[in-house]
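The next block holds one structure in the form of structure tokens; read it before the comments.
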Amino acid sequence: MAAESSSEGGFPAPGPHTFELPAVFPWHGAEGVTKPMLQLVLAAILVFGFFYLASRKRALVPGKLQFAGEGAYGFVRNSVGRDIIGSHDFAKFVPYLVTVFFFILVNNLFASVPFIQFPTFSRAGMAYALAGMSWLIYNGVGIHKHGLVGYLKLQCVPSGVSPAMYPLLVPLEFFSNILVRPVTLALRLFCNMFAGHILLVLFSTGGLYLIEHVGGIGYVAGPLAWVLAILVSFLEILVQFLQAYVFTLLNAMYIQGALADEH
Numbered sequence: 045m046a047a048e049s050s051s052e053g054g055f056p057a058p059g060p061h062t063f064e065l066p067a068v069f070p071w072h073g074a075e076g077v078t079k080p081m082l083q084l085v086l087a088a089i090l091v092f093g094f095f096y097l098a099s100r101k102r103a104l105v106p107g108k109l110q111f112a113g114e115g116a117y118g119f120v121r122n123s124v125g126r127d128i129i130g131s132h133d134f135a136k137f138v139p140y141l142v143t144v145f146f147f148i149l150v151n152n153l154f155a156s157v158p159f160i161q162f163p164t165f166s167r168a169g170m171a172y173a174l175a176g177m178s179w180l181i182y183n184g185v186g187i188h189k190h191g192l193v194g195y196l197k198l199q200c201v202p203s204g205v206s207p208a209m210y211p212l213l214v215p216l217e218f219f220s221n222i223l224v225r226p227v228t229l230a231l232r233l234f235c236n237m238f239a240g241h242i243l244l245v246l247f248s249t250g251g252l253y254l255i256e257h258v259g260g261i262g263y264v265a266g267p268l269a270w271v272l273a274i275l276v277s278f279l280e281i282l283v284q285f286l287q288a289y290v291f292t293l294l295n296a297m298y299i300q301g302a303l304a305d306e307h
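The C-terminal residue of the sequence shown carries number 307 in this note's numbering, and the numbering is unbroken.
Dropping the structure here:
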């Protein structure tokens, strides 16, 4: 189909151009405000609004909304914050971890919401910005506790290794623990959202193309492609949740590693 598209103007195969959305409205001479930008703002409002309403009228016997808010908060607090960072240090990081998890989750779920249907973090720059903020936090925590030299020593000099191996291992540890982590953190989120959206666009538009332009076997293959699109949509909902969880879990692990006295 891709070859036919390029040579005969056939099926327009989805690709990176699918994610280049036009500006919704201009902004002070710049390229303009795009749909993913608005989704970031909308997700922040939704997350804040939910937890504000859930906690506004706290009661000993919680109502439905308070119960949902406490359950959502407790899931991240206990299964990520406390279990990974540890019972002594985790509490002060819980607001950040809860915010990151639900902010990513809502932005991911936008891909499955009718009339939005676009995963915000399928734009790499937005995923890298979030990973960069995480990088500043866990490195800042480690430097605050151990000092710059002490933190770099803990991150880059493996314990129980002969000093003769330091020239080989120290640069690798520095590259792995200090430089690469935010890149892999962002790529994991971006690539999963990007790939899932590409598949949905491919099956949806490909099915329509088969029915309208191929005929014959296209009348069978087209509806089959739509069935696959529906199945992929359900799989994507699971992936959207898992990617929010994994991103938050890795943040907690990096914070725990930065606070640890020895690796």
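Each residue gets a CB set at the ideal place from its N, CA and C atoms; glycine is no exception.
Note that the structure is a prediction, hence the values are computed from the model and not measured.
- In the DSSP assignment, His241 falls within the alpha helix (DSSP H) that extends over Arg225 to Tyr253.
- Residue state for Phe69 is assigned as strand, using DSSP reduced to three classes.
- For Lys101, no alpha helix (DSSP H) segment is defined, and its DSSP state is neither H nor E.
- CA-CA distance, Tyr182 to Tyr298, rounds to 6 Å.
- Under the three-state reduction of DSSP, Val77 is assigned to strand.
- Cα atoms of Phe63 and Ala171: separation of roughly 14 Å, rounded to the nearest angstrom.
- Membership of Gly186 in the alpha helix (DSSP H) is indicated by the continuous run Ala168 to His190.
- Per DSSP, Glu256 lies in no alpha helix (DSSP H) and is assigned neither H nor E.
- Assigned with DSSP and collapsed to three states, Glu64 falls in coil, not helix or strand.
- Take Leu294, set aside five residues on each side of it, and the residues of its chain with a beta-carbon closer than 7 Å to its own are Leu229, in chain order.
- If you look at Val201, you'll find it isn't in any alpha helix (DSSP H); DSSP assigns it neither H nor E.
- Thr249 and Val157 have their C-alpha atoms roughly 18 Å apart.
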